[in-house]
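>
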Amino acid sequence: MPTPVIDIDSLTKVYPRQIGQPARRSLDDLRLRIGENEIFGFLGQNGAGKTTTIKILCSLLRPTKGAASVCGHDVRTRAARSCIGYLPENPYFYEYLTPRETIDFYGRLQGLDKATRAREWDALSERLDLRGIGAQRIRGFSKGMRQRLGFAVALVGDPPVLILDEPMSGLDPLGRRMIRELILSLRAAGKTIFFSSHVLGDVEQICDRVGILVEGRLRTQGRIDELLNRRNEQVELVVSGLSAETADALARDALHARRSEAGLHLTTADAAAANAMARAALSEGGQIVEFTPIRESLEAYFVKEQAS
Ligand SMILES: Nc1ncnc2c1ncn2[C@@H]1O[C@H](COP(=O)(O)OP(=O)(O)O)[C@@H](O)[C@H]1O
Ligand SMILES: [Mg+2]
């Protein structure tokens, strides 16, 4: 990989011991590199250590051991911080401000002048559908509205790297889709996106690569299609109109066979075997009713990884 945009080098975090509890490694020797313009999905169940990692990247927490850099700067520096747009797990707002004032406030913190801040509001309110609620107090906002505003705050100043902690959690399907599309549009605009989630479906749909964290340790990382090994996926073929003899012969060659009203269901080891079987069925006067790759979902993979 060329110079990584996010470089996590053997991060370990042990929180101070609490009364009645032994000290535990919440993060154990985590190493990860995220390349420019990647969407990286950081997966793990509750308590896996995702938020701990993200807080270290945003310099809100110090690691016990190890180091990390963003855009080539140690995360403890201002230079690193100014490269990052951060969406916390539960964004906190001044409840008596309006979204417009909130964006203005964060723009000021970054030293943006008044005209630039006004332009930021125009662009972000449009992009995150905040225009209609721009002048309402945040108090009383729904989870979806808060999440959109939190995202807008993360985008103030147009940072090249977005670090998002569970950006889709607590949202309805429409809200999730909006966030997914937003993340994709950010990548199209050249950004690098690192986000955590325990929602596998969302990750599967948009990530270039994922890392799976289990109890503070990176269990595996890679491209989704490589992790799922899709090239070797099984295929289910449904065939009808065969003679009993041909059907028996094909069933013997399949990994698994059963009959339904639709026809004979044949499971084959891969697409090549399924094609060979389909040709045999067609040449014997049969019809192909269905040809379905049996995809292992990331969810199934994740469950397997957790168990092993
Ligand atoms: N401030 C803290 N003090 C002590 N333990 C903590 C603290 N924050 C998190 N932990 C523990 O560290 C582990 C990882 O937590 P966290 O990073 O929040 O996981 P995730 O975001 O994946 O749900 C959990 O076991 C959690 O209880
Ligand atoms: Mg968390």
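Residues in the sequence shown are numbered from 512 upward in steps of one, following my numbering. Here a beta-carbon is modelled for each residue, glycine too, at the ideal position from N, C-alpha and C.
1) Give me the Cβ distance between I614 and L635, rounded to the nearest whole Å; I'm assuming they're in contact under 8 Å.
2) Could you have a look at V750 and say whether DSSP puts it in helix, strand or coil?
3) For V725, report the span of its alpha helix (DSSP H) as first-last.
4) Is D539 helix, strand or coil when you go by DSSP?
5) Select from G668, R536, A590, L541 the residue whose C-alpha is nearest the C-alpha of T627.
6) Would you say the segment 743-750 touches the segment 571-583, given that touching needs at least three Cβ pairs under 8 Å?
7) Work out the CA separation of E637 and K524 for me, nearest whole Å.
8) Count Cβ pairs between the segment 584-596 and the segment 642-657 that sit closer than 8 Å; are there 3 or more?
9) Relative to the alpha-carbon of I704, which residue among I799, R806, I717 has its alpha-carbon at the smallest distance?
10) Please find out if some non-hydrogen atom of ligand 1 comes closer than 7 Å to the beta-carbon of T731.
11) Along the chain, where does the alpha helix (DSSP H) that runs through Y617 open and close?
12) Mapping the DSSP letters down to three states, classify I545 as helix, strand or coil.
13) Please state whether DSSP places I799 in a helix, a strand or coil.
14) Taking 8 Å as the cut-off, decide whether the C-beta atoms of T778 and L766 are in contact.
15) Taking the alpha carbon of L695 as the reference point, which residue from F551, D539, A534, G583 has its own alpha carbon closest?
16) What ranges does the beta strand (DSSP E) occupy inside the segment 752-797, keeping only unbroken runs of at least 3 residues that lie completely in it?
17) If you run the structure through DSSP and keep just helix, strand and coil, what is T627?
18) What three-state label does DSSP hand S580 in the structure shown?
19) How about the segment 535-552 and the segment 717-735: do they share at least three Cβ pairs that are nearer than 8 Å?
20) Taking only runs that begin and end inside the segment 545-576, name each unbroken beta strand (DSSP E) of 3 or more residues, in chain order.
21) Are the CB atoms of L748 and A785 within a distance shorter than 8 Å?
22) Considering only residues of the same chain and omitting the five flanking positions on each side of E795, which have a CB-CB separation below 8 Å?
23) Taking all protein chains shown into account, do 16 or more other C-beta atoms lie within 10 angstroms of the C-beta of Q798, making it buried, or fewer, making it exposed?
Taking the coordinates as given:
1) 6 Å
2) strand
3) Where V725 is concerned, there is no enclosing alpha helix (DSSP H), although the beta strand (DSSP E) it sits in stretches over 720-725.
4) strand
5) G668
6) no
7) 39 Å
8) no
9) I717
10) no
11) 610-620
12) strand
13) strand
14) yes
15) F551
16) 767-771, 774-779
17) helix
18) strand
19) yes
20) 550-554
21) yes
22) L753, S754, T757
23) exposed
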